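Here the structure comes first, spelled out in structure tokens, and everything after it is commentary.
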Amino acid sequence: MKWTNEQKTVIDLRGCNILVSAAAGSGKTAVLIERIVSQVTDPVNPVNIDEFVIVTFTRLAAAQMKEKLQAALEKKLEEDPENVHLQRQVMLLPVTQISTIHSFCGYIIQNYFHQTRHRRAIFWEKLPMQWQRSIAWE
0 MKWTNEQKTV IDLRGCNILV SAAAGSGKTA VLIERIVSQV TDPVNPVNID
50 EFVIVTFTRL AAAQMKEKLQ AALEKKLEED PENVHLQRQV MLLPVTQIST
100 IHSFCGYIIQ NYFHQTRHRR AIFWEKLPMQ WQRSIAWE
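The opening residue of the sequence shown carries number 0 in numbering that gives the first Met the number 0; numbering runs sequentially from there.
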């Protein structure tokens, strides 16, 4: 695929977090997939897929992102089937945080609230039942 200068900058940028904001249909998903796969397959400093937090606006976009990442990783694995690192990345993909901001915040609250100094939680909005027990305690 031929990338624009801006897209290539996003793909190649390292050592910092980024926010990619662009119009619908501009190639954001393809650029982010390429960025992630290039970091996972970096020959010098490869990272694990589960070290990423990937936030989208909709559940559908998150599901599509996960599917496209799966396909990209499997394609790389077909090219190098003995690569243990790539095999591990395909196995880690289901636990990688690819979600909406609301889902990600819910995950943080559900899994890490007990580590804060707070012992009581009050929420003005009704929470899904599966979260109520896990975050509302003394």
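Cβ atoms here follow ideal geometry from the backbone N, Cα and C, with glycine treated the same way. This one's a predicted model, so the numbers in the text were calculated from it and none came from an experiment.
Taking C-beta atoms under 8 Å as the contact rule, I100 and V30 fail to qualify, at a distance of about 20 Å.
Taking 3 residues as the shortest admissible run, the stretch 28-55 contains the following complete beta strand (DSSP E) segments, listed from N- to C-terminal end: 52-55. Residue pairing of I97 in beta bridges, as defined by DSSP: I53.
Note that the C-beta distance between I35 and L68 is below 8 Å.
Of all alpha-carbon atoms in A71, S25, S102, V9, the one lying nearest the alpha-carbon of V52 is that of S102.
Residues of the same chain with a CB within less than 7 Å of the CB of G26, apart from the 5 flanking positions on each side, are Q6 in chain order. Between the C-alpha atoms of T3 and I10 there is a straight-line separation of about 10 Å.
Proximity to M64 across L92, V83, V39, P45 peaks at L92, based on C-alpha coordinates. Under the 10 Å beta carbon count, V94 is surrounded by fewer than 16 other beta carbons and is classified as exposed. By the Cβ neighbour-count rule, I107 is exposed, with fewer than 16 other Cβ atoms within 10 Å of its own. Secondary structure of I108 (DSSP, three-state): helix.
Straight-line measurement puts the Cα of V83 at about 16 Å from the Cα of Q38. In this structure, the beta-carbon distance from Q88 to I48 falls below 8 Å.
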